[in-house]
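Below is one structure, written out as structure tokens, with a few remarks after it.
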Amino acid sequence: GQQLNQSPQSMFIQEGEDVSMNCTSSSIFNTWLWYKQDPGEGPVLLIALYKAGELTSNGRLTAQFGITRKDSFLNISASIPSDVGIYFCAGQTSNTGKLIFGQGTTLQVKP
Amino acid sequence: DTEVTQTPKHLVMGMTNKKSLKCEQHMGHRAMYWYKQKAKKPPELMFVYSYEKLSINESVPSRFSPECPNSSLLNLHLHALQPEDSALYLCASSPYTRQPQHFGDGTRLSIL
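Listed below in structure tokens is the structure:
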């Protein structure tokens, strides 16, 4: 079946540093989504990408839909302690509603 | 605050019990989903409802029984669960199946 490779698996950074994570797939996706999950809560949608090459920002977050439609990255600039959490990428290939999730990137920020 | 509301937040049940999880959204979304999530793992899709009809069942054991009584409400009926079914159960909704999904905060289920 389809799989997403998300990297890195975890990151431990200093407050104020920039962060980058990415997802790659052997399959083409029509939509890329980035979610953040805090402990004890559900995933929260951060950014949705719909077109190859699309670059979208949401505050300090920027994400891009790869030209090949097989990859996406998420950048966080000037990290702060509340950025701590698990970040998931997810891709969708069809209109069925089925999402393929990456394994997640755990981010820890040292004040 | 999430606009997808799940109750209860926590549930402990024995293997012979019958219980139900409830999910509600009032955003007018026509697609609703159940996911199972183990610790530090991504959510795994269980069921998809589109226009109140079951459209995807990801080969989920019959001890999990979904129900969509109306466009705002989604239930997951549980019966004779196993200890390995202990997990966070997430509900999500989207305007239509092709659009981004919004998650509730989940029900933490523990099977004794």
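If you read the protein sequences in the order shown, they are chains A and B. Residues 1 to 111, numbered by my numbering, are exactly what the first sequence covers, in order. Residues 1 to 112, numbered by my numbering, are exactly what the second sequence covers, in order. For every residue, glycine included, the Cβ atom is placed at its ideal position computed from N, Cα and C.
Within 8 Å, strictly: CB atoms of residue i and residue j
i                      : j                     : result
residue 81 of chain B  : residue 63 of chain B : yes
residue 63 of chain A  : residue 72 of chain A : yes
residue 36 of chain B  : residue 44 of chain B : yes
residue 109 of chain A : residue 86 of chain A : no
residue 5 of chain B   : residue 48 of chain B : no
residue 91 of chain B  : residue 74 of chain B : yes
residue 31 of chain A  : residue 52 of chain A : no
residue 100 of chain A : residue 4 of chain A  : yes
residue 52 of chain B  : residue 71 of chain B : yes
residue 105 of chain A : residue 70 of chain A : no
residue 28 of chain B  : residue 42 of chain A : no
residue 76 of chain B  : residue 12 of chain B : no
residue 103 of chain A : residue 29 of chain A : no
residue 55 of chain B  : residue 96 of chain A : yes
residue 107 of chain B : residue 9 of chain B  : yes
residue 30 of chain B  : residue 95 of chain B : yes
Cβ of residue i within 8 Å of any chain A Cβ
i                      : result
residue 64 of chain B  : no
residue 122 of chain B : Examination of residue 122 of chain B is not possible in this model, given that chain B is present from 1 through 112 alone.
residue 31 of chain B  : yes
residue 106 of chain B : yes
residue 47 of chain B  : no
residue 101 of chain B : yes
residue 8 of chain B   : no
residue 94 of chain B  : yes
residue 69 of chain B  : no
Residue-chain proximity (residue i, chain B), Cβ-Cβ < 8 Å
i                      : result
residue 98 of chain A  : yes
residue 101 of chain A : yes
residue 48 of chain A  : yes
residue 55 of chain A  : no
residue 74 of chain A  : no
residue 22 of chain A  : no
residue 8 of chain A   : no
residue 88 of chain A  : yes
residue 95 of chain A  : yes
residue 61 of chain A  : no
residue 104 of chain A : yes
residue 107 of chain A : no
Which residues DSSP lists as bridging residue i, in chain order
i                      : result
residue 6 of chain B   : B:23
residue 71 of chain A  : A:24
residue 49 of chain B  : B:32, B:54
residue 44 of chain A  : A:36
residue 117 of chain B : One cannot answer for residue 117 of chain B here, as it falls past the ends of chain B, which runs 1 to 112.
residue 89 of chain A  : A:34
residue 11 of chain A  : A:107
residue 56 of chain A  : A:63
residue 80 of chain A  : BP columns for residue 80 of chain A are empty, so no partner.
residue 5 of chain A   : A:24
Cβ distance (whole Å) where residue i is taken to contact residue j below 8 Å
i                      : j                     : result
residue 18 of chain A  : residue 76 of chain A : 7 Å
residue 74 of chain A  : residue 61 of chain A : 7 Å
residue 100 of chain B : residue 33 of chain A : 6 Å
residue 93 of chain B  : residue 32 of chain B : 5 Å
residue 18 of chain B  : residue 78 of chain B : 7 Å
residue 69 of chain B  : residue 34 of chain B : Incorrect: roughly 14 Å between the Cβ atoms, too far for contact.
Item to check | Members of the region 79-90 of chain B that neighbour chain A once the beta carbon cut-off is set at 7 Å | outcome: 90
Next on the checklist: Residues of the region 51-63 of chain B in Cβ contact with chain A at a cutoff of 9 Å, in chain order, please.
Outcome noted: 55, 56, 58
Checklist entry - Between the region 24-42 of chain A and chain B, which residues of the former have a C-beta closer than 7 Å to a C-beta of the latter? => result 33, 41, 42
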